[in-house]
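Participant: One structure, as structure tokens, below. Some questions next.
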Amino acid sequence: MLQDRVSHDKYGLGLVIGVEEDVAVLVDFGAETHRIIAPYNKLFRL
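Mapping the sequence shown onto our numbering, position 24 (from 1) lands on 59, and the numbers just tick up by one.
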């Protein structure tokens, strides 16, 4: 999942830059970076 392009309902398009196994992913959305906690209901892999 690292370096995957993703889409989030609220933040838009981003790139996965970190993974905390079964806990969270760190996503760079350009202007902001967010830690998305599992389950990833609003995060979709492109």
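Think of the CB as a built atom: it goes at the ideal place given N, C-alpha and C, for glycine as much as any other residue.
Could you name the residues that DSSP lists as bridge partners for V60?
Facilitator: V54, I71.
Participant: Smallest Cα separation from L37: which of N76, A66, V60, K45?
Facilitator: V60
Participant: Closer than 7 Å by C-beta to D39: which residues in its own chain qualify, once you throw out the five before and the five after it? Chain order, please.
Facilitator: V51, R80
Participant: Going along the chain, which residues of its own chain have a beta-carbon closer than 7 Å to the beta-carbon of V41, five neighbours each way excluded?
Facilitator: Closer than 7 Å at Cβ, skipping near neighbours: G49, V51, V62, L78, F79, R80, L81.
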